[in-house]
Amino acid sequence: MVAQNKGKTTFTCPYGTFAYGKVPFGLCNTPRTFQRCMMALFSNLMEEYIEIFMDDFFVFGPSFDKCLYNLNLVLKKVGIEVDPTKVEVITKLLLSMLIRTLRSFLGHVGFYRRFDKSFSKIAKSMTNFLAKDVEFMFSDAYLKVFELLNEKLTNAPMVATPN
Numbered sequence: 000m001v002a003q004n005k006g007k008t009t010f011t012c013p014y015g016t017f018a019y020g021k022v023p024f025g026l027c028n029t030p031r032t033f034q035r036c037m038m039a040l041f042s043n044l045m046e047e048y049i050e051i052f053m054d055d056f057f058v059f060g061p062s063f064d065k066c067l068y069n070l071n072l073v074l075k076k077v078g079i080e081v082d083p084t085k086v087e088v089i090t091k092l093l094l095s096m097l098i099r100t101l102r103s104f105l106g107h108v109g110f111y112r113r114f115d116k117s118f119s120k121i122a123k124s125m126t127n128f129l130a131k132d133v134e135f136m137f138s139d140a141y142l143k144v145f146e147l148l149n150e151k152l153t154n155a156p157m158v159a160t161p162n
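Okay, structure coming up:
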């Protein structure tokens, strides 16, 4: 919004008088103006990759991969790209969440280790991931161990004190 037009958007309420710094969508011509600007910006992509209606953008393609590719084109045109450092932070965060979840799971099932002689042998492959500087790779073997421990817990024989 141009600085000279900010005064046209002022409003007063019990907390004071305010003016919009950006164009609000509540004004009658704002959606039309926004659509006209977006159509000018994306004119070379219109009807081939993208459709714009009011404040909605529709990126399309014949397949999901093509649609994703077209979306990438549209985002690059306006200067939006993935920041590799932020992706790395998210990857590390997910890994730490997996390790915390694994610790929690092993803590819960570890309570019942005294009822199963083979518990430590089965859980060894999972506990190896908790060592420092070990890369955590989710695999079918990991899933099988997880399912086996769950099965042993749910099908465990009842333990009763002797009479």
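Using numbering that gives the first Met the number 0, the first residue of the sequence shown is number 0, and each one after it goes up by one.
In this text, a Cβ means the ideal position worked out from N, Cα and C, and glycines have one as well.
Cβ neighbours of T126 within its own chain (closer than 7 angstroms, five residues either side excluded): L105. Under the three-state reduction of DSSP, V58 is assigned to strand. The closest CA to that of N149, considering only F128, A130, R112 and L129, is found on R112. Within the same chain, and ignoring the five residues on either side of D54 in sequence, the residues whose Cβ sits closer than 8 angstroms to its Cβ are F24, P30, F33 and Q34. Judged by DSSP secondary structure, E50 falls within the beta strand (DSSP E) whose first and last residues are I49 to F52. Taking one beta carbon from each stretch, the stretch 58-67 and the stretch 79-89 have fewer than 3 pairs nearer than 8 angstroms; the two do not touch. The continuous alpha helix (DSSP H) containing C66 extends over residues F63 to K76.
Beta-bridge pairing by DSSP links C12 to G15.
Uninterrupted alpha helix (DSSP H) stretches at least 4 residues long and entirely within the stretch 104-148 occur at 118-126, given in chain order. Rounded to whole angstroms, the separation of the alpha carbons of C27 and G78 is 29 angstroms. Annotation: M136 to Y48 spans about 38 angstroms, alpha carbon to alpha carbon. With distances taken between CA atoms, R102 lies nearest to A122 out of K75, K91 and A122. In this structure, V73 keeps its C-beta atom at 9 angstroms or more from the C-beta atom of F110. Inclusion of V108 and S124 in the CB contact set at 9 angstroms is not warranted, their separation being larger than that value.
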